[in-house]
Every structure is written in C-alpha cells, then in structure tokens.
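Student: Numbering (the numbering used here), first residue to last: 97 to 727. Let me begin by handing over the structure; questions about it come next.
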Amino acid sequence: MNSSTKETLAFQTEVNQLLKLMIHSLYSNKEIFLRELISNASDACDKLRFEALGDDALYEGDNALAVDVEFDAEAGTLTVRDNGIGMSREEVIGNIGTIAKSGTREFFERLTGDQAKDTRLIGQFGVGFYSAFIVADRVVLTTRRAGMGPEHGVRWESDGTSGYTLETVEATPRGTEIVLHLREDEREDLLNDWRLRSIVTKYSDHVPLPIRMRKSTEEDGKPIDEWETVNKASALWQRPKSEIDDEEYKTFYKHVAHDFGEPLAWTHNRVEGRLEYTSLLYVPAKAPLDLWDRDHVHGLKLYVQRVFIMDDAEQLMPRYLRFVRGVIDSNDLPLNVSREILQGNRIIEQIRAGSVKKLLGMLDDLAEKRPEDYQKFWDEFGRVLKEGPAEDFANRETISGLLRFASTHADTEAQTVSLKDYVSRMREGQDKIYYITADTFMAAKHSPHLELLRKKGIEVLLMSDRVDEWLMGHLTEFEGKSFQSVAKGDLDLGGTESEDERKAQEAVENESKGLVERVREALGERVESVRVSHRLTSSPACIVLGEHDMALYMQQLLKQAGHEMPGSKPVLEINPGHPMVARLDSESDDTRFKEWSMLLLDQAVLAEGGQLEDPAGFVARLNQLMLALAG
C-alpha cells in the first residue's frame, strides 16, 4: 500500500444532510439497503457487458458476471461484491464523494420535516449507495476499473459523518467490493444466512444475473464452502405475464427506476411477427426532480436478446414521454449496436412507434377506469405531456384526448376537464372550443375577456401553464372542433348568438363611432386600432391581440430572457355601456380626454399581464382621476 496516495476529503454539505436524513427517515424499512447495493452491482455488471462488446479484453478472461453477498458474524461485517465495470479514482470521487446531480438544491428546499413525505422525496432523488449507512457505522469500498492494472485499485472509507478517506491500493479482482461494518444493534438481525437470503428473494429475485451466497456442505466428511445462486436470475420481462404477480412487477420497477416508491401503472407486451421485441414500461407515481433538466438524458434500458446494451436509450421514447421507465428487449438489433446506430434506425423507429402506442393506450385506459389515479398522473406529468401534440403528429388526437385543463365549468384549478368532457357540454350552435391563456389561474379566471361567454353560459378552458401558449400553437382542433382564443382576434360565437343580438351589437357600434375615433386619435401610435367590444359586459375596456400574436405575459417573459420580440400593437376594445366609458364620452376637455383614454389602455394592459412602458405616468393619471372624483 502506498500511503502517499491516501488523502482525507470532506463530503459536500448536501451529502452530510442527506446521510442524516436518510438514516432517520428510512430506518423503519432498513432492509432496502441491500436491495440498493445489489441493484448498483447489477448495473455495474451490465455496463461491463456493454463496454466489452467493443473490447472483449475488459472481461480479463472472466465473463461469468455475478453479485456475491457474504457475512462474517464474528467481525460484524456484511459484504456485497461484483465483478462488473468497477471505478477509477476519479469516478469514485465523482460518484460517491459528491452528489453531482441536478435538483440537489430543490430536493433540500422541498424537505418538510414530515418523515413520511421526506422519505418519498429521498426515493425521488435516488441515493442508493448512501443507504448503507442506515445499518452501518463504517463502510469500506474497494474497486478497480476493468482494463486498468491492479496498481490502480482504489479504497474509499467513511463513517458517514464528516468525510471519507481515499487511497490507492493493489486490487487484483476487477469490480467493486463494499464491506459494511454493521452497528452493534443490527448484527443479530442481519448477520444470519436465512435473513439475508429472504431479503435477496424479496427485493432482488428478478435481477437477471446470479446473486450468490455461500452454502456450507460436506464432502468426504469435511466441511466445504460453495457459492449458491439464491435468486431466479432470469429476465422478468421475458416471463409470461400470467406467471408474474403485481408485487413482482412493483419490485422490478424499483430496481429498474432506482425509485423507492411504487409505480402508478405499467404495461407488459410481447410483439411477434416481422419484428420481435418485448417491452415492460412503467409510469412512476412521482416525477423525478430532474424531469425539467434539458441536459439530463432520460430513456429506457435497451437489451438485445437479454443482453444489456445501454441505459437511457432516449431514441426509444419521445421527449414528451421522458418520465417513462422500463426495458425493451429486441431480437432483431445487432449486439454491437451503439447510440449512433440507433439514430434513424428503421427497427428502432418501429419499436418506438409500437411502444408509444402501447403507453398512450395504457394512459387512456387509466383515465377511463381509474380517473383518480389518472388525476395523480396529470398533476405530476401533465405539463410534460402537453409537449406531445407538437412533437408527435401521428398521435396528436390520442394525446389531445389525454390532456386536462381547468375551466369555467369547475370551481378550482385542481378540478380539470378533458376535451371530450368539454365537447359533450358545448352549447347548441357552438362550433368552437374556447380557451384563454394567462400567467396564473386567477388571471385567467377573472379575465374581462370571459364576461360575455360567462353570461351566455359558454364554457372556457383556463390555461395558465407556461407551456400552454406554445401548445395552442400546435393544437388546432379536436374531434372536428377548432380552438379559439377569447383574447385574440374577433370573437365569433357562431350559432350561439341570435340575429337580434347581432343587430343590437351593430347599433351600439354605429352609435359609438365618434367616441371610438376620439379614443383612437388620443392614443395614436400606442394601439393598432380601437373598436367597440363584443366581449365585455361589466369591464370598461380590454386588450385584444392578433390571432397569431403571443400573449403579453409571454412576450414579457421572453424579453426578460433577452429575446428580441417583433413589434406588434394591440387593439383596444371599449365597452360604451360602462359608466367610466360613458363619462369619458361626455368629456369636452381634450387634454383630460387623452389622459383618461391612456388610463383606460394602461388598465387593460395590466389586466392582460403586460408591463407598462411608463408606470409613473399611469400612477399620475390615476391620482388625477381619484382627485377629480373626490371633487
């Protein structure tokens, strides 16, 4: 051992916090530590198998991959060992000494102090290795990366409190060995053969490579030790569905997704014919913290003829379904397939298309048969699914049917409706699906643009997710009914409006021509035009954008992000029946008329979520009006 290479390093602050939290929060389910360590070991073997496809020398003459579990009751230790890919010194520091993962800060900000809730958060974050400290007061990890010489072995050691030591050691076998020095009060429970075998069988029976433990036997009257496989060591997804119960599906999900929680739903399918592949796809119950990290690669595990090929094969599932976890096992792809080969591969495209249809079909079934569970799914992943209509034209109608929105038909933002629900409630003569986008739910709900539709009992979808404005640029119709924003362009109420109502509107427009012209002249270049409103019943004015213009709040967000926005002027609609507008019409002082017209416009811009060019001028005009009203 070369002591000159030994160094003591401190944990990241986040690791210290995480260890303390994990030990207290997960203790009631402490046996999961073994599941997590075996899962990591299995992944390491999978990664070696993949890298060895291009360099068989990495096997170093031993391609019988396995995970070994053994204990020493006298020493109080439990050991988990694999002959997988192993780690270099840099990889040990990166993977174990730090939490190099997006979402770390958000994770700690979301901690509540409620043990049950915080335990679920830990599962979302995925911190399998650290679970060893639930039962151990010292952990020693020795590893050597495949393809590197024995002199490049690395030993990592920590008591899980302040930091860890790292040193270079001689390591003849490749792979990773983790020795847990158990706490005194854990030894009696865990350091026995039957207990460890039962944990392996309960949590890791599905791992598709041997998990071995020592079995004592006698030969010629002499005791000998031999290794015995204690799990089924078969690919669960290749077994007939009739032979797999729900608990096995749930356990396998925790392994493949590195999630402590259970999945919300899953679909298991075997396709035979021109293409042969098996898919086992899961929808998590909770969104991972890195769901919105654009740099993080999300995807499925890809196998070819049961041989692991790669993690995060993003080509197998579109971006809007990046929350899906699971495996796809193909019989038609070559074993030496790479990420580059997957790009534009005909077989991959067909597998992807089939898998997407199965997944969307499962969600549709969930929505119909388990609406409460579907609402949970929507709360977690709805904003991601809204990316679908723009990304997946072939399945646009199906995705549209899965979308949910707040609406004037419901009382709260949490009560959502489907487009199918909306269409079933459309008024007689109504041929459009009306919606409005806004920065918040309350802004949408109280928008002046809804006044006439609310009076006539016409339902409006209330959209307040930032993705909604972009979504509606790609979602043009549903079941033959076109969408119309109530805040853009002319408001066409179709057959819901009677001939008498149209004539009454025309009469108001004719009577107000003089007022409209005066307001337009007063506002000058600030507006595209001024007209009598068809939308308003109780507000004095509102801003109306062009049909293809972006909402004012979105324009403002993009400007703040440094984007150049094309110059466009709004249309100001006024309500001549409102007392404020009637008072404006009677104003003979041109200066005061202009000031109040500008005040009317500024109010409408604010109501629409826009930002005023001259806030101080707005305040001054408002003060003048208040003083005038006060006499």
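We treat Cβ as the ideally placed atom computed from N, Cα and C, and that holds for glycine. Just so it is clear, the structure is predicted and the values come from calculations on it, not from any experiment.
1. Measuring only the C-alpha atoms, how far is residue 303 from residue 397?
2. I'd like the ranges of any alpha helix (DSSP H) spanning at least 4 consecutive residues and lying wholly in the stretch 540-592.
3. Are residue 721 and residue 695 touching if we call contact CB-CB under 9 Å?
4. Which complete alpha helix (DSSP H) runs does the stretch 272-314 hold, if anything under 4 residues is left out?
5. Identify which residue in 555, 164, 666 and 645 has its Cα closest to the Cα of residue 275.
6. Roughly how far, in whole angstroms, is the beta-carbon of residue 273 from the beta-carbon of residue 145, given that I think they are within contact range, below 8 Å?
7. Just to confirm the assignment, what range does the beta strand (DSSP E) spanning residue 529 have?
8. Using only alpha-carbon positions, find the residue among 484, 478, 546 and 443 that is nearest to residue 500.
9. Among all the DSSP beta bridges, which residues are the ones paired with residue 93?
10. Rounded to the nearest angstrom, what separates residue 94 and residue 462 at their Cα positions?
11. Can you give me the C-alpha to C-alpha distance between residue 712 and residue 562, rounded to a whole angstrom?
12. Mapping the DSSP letters down to three states, classify residue 238 as helix, strand or coil.
13. Measure the CB-CB distance between residue 543 and residue 583 and report whether it falls below 9 Å.
14. Shortest alpha-carbon distance to residue 552 belongs to which of 385, 630 and 238?
15. Just the C-alpha distance for residue 530 and residue 597, rounded to the nearest angstrom, thanks.
16. Could you tell me which of 282, 226 and 162 sits nearest to residue 172, measuring between CA atoms?
17. How would you call residue 433, buried or exposed, if buried means at least 16 neighbouring beta carbons within 10 angstroms?
18. Touch check for the stretch 449-466 and the stretch 404-424: three-plus C-beta pairs under 8 Å?
19. Count the other C-beta atoms from every protein chain shown that fall within 10 angstroms of the C-beta of residue 199, then say buried if there are 16 or more, exposed otherwise.
20. Looking at the strands, I want to know which residues DSSP matches up with residue 501.
21. Can the beta-carbon of residue 670 be found closer than 9 Å to that of residue 701?
22. According to the Cβ coordinates, are residue 239 and residue 182 closer than 9 Å?
23. Which full runs of the alpha helix (DSSP H) of 4+ residues lie inside the stretch 638-717, going along the chain?
24. On the three-state DSSP scale, how would you describe residue 494?
25. Based on Cα-Cα distance, which residue from 599, 299, 132 and 184 lies nearest to residue 266?
26. What does the Cβ neighbour count give for residue 359, buried or exposed, with the cut at 16 atoms within 10 Å?
27. Can you say whether residue 221 is buried or exposed, counting buried as having 16 or more other CB atoms within 10 angstroms of its CB?
28. Helix, strand or coil: how does DSSP classify residue 374 here?
29. Determine the extent of the beta strand (DSSP E) in which residue 263 is found, giving its start and end residues.
30. Do you know offhand how far residue 603's Cα is from residue 609's?
31. Provide the residue(s) that pair with residue 397 in DSSP beta bridges, ordered along the chain.
32. Compare the beta carbon distance of residue 136 and residue 224 with 9 Å and say whether it is the shorter of the two.
33. Could you tell me if residue 246 is buried or exposed, where buried requires 16 or more neighbouring beta carbons within 10 angstroms of its beta carbon?
34. Check whether the stretch 277-294 and the stretch 228-239 touch, using three or more Cβ-Cβ pairs below 8 Å as the test.
35. Rounding to the nearest angstrom, what Cα-Cα distance links residue 153 and residue 455 in this structure?
36. Would residue 554 and residue 512 qualify as a contact pair, given that the criterion is a beta-carbon distance under 9 Å?
Tutor: The short version:
1. 14 Å
2. Listed in chain order, they are 547-551 and 562-567.
3. yes
4. 280-286 and 289-300
5. Comparing Cα-Cα distances from residue 275 to each of 555, 164, 666 and 645, the minimum goes to 164.
6. About 19 Å; that fails the 8 Å criterion.
7. 528-533
8. 478
9. Residue 93 falls outside the range modelled here, since the chain spans only 97 to 727, and no answer is possible.
10. Residue coverage of the chain in this structure runs from 97 to 727, which leaves residue 94 outside it and unanswerable.
11. 29 Å
12. strand
13. yes
14. 630
15. 20 Å
16. 282
17. buried
18. Counting Cβ pairs under 8 Å, three or more are found: they touch.
19. Since pLDDT at residue 199 reaches only 47, below the 50 mark, its modelled position is unreliable, and no value is offered.
20. 513
21. no
22. Result yes, Cβ atoms of residue 239 and residue 182 sit closer than 9 Å.
23. List check, alpha helix (DSSP H) in window: 648-656, 675-681 and 686-703.
24. helix
25. The shortest C-alpha to C-alpha distance from residue 266 to any of 599, 299, 132 and 184 is the one to 184.
26. buried
27. For residue 221, the pLDDT reaches just 49, beneath the cut-off of 50, and the residue's location in the model is therefore unreliable, although a value from the coordinates is still provided. Counting Cβ neighbours within 10 Å, residue 221 comes out buried, since at least 16 surround it.
28. strand
29. 259-265
30. 10 Å
31. 423
32. yes
33. exposed
34. Taking 8 Å as the limit for Cβ pairs, the verdict is that the stretch 228-239 does touch the stretch 277-294.
35. 39 Å
36. no
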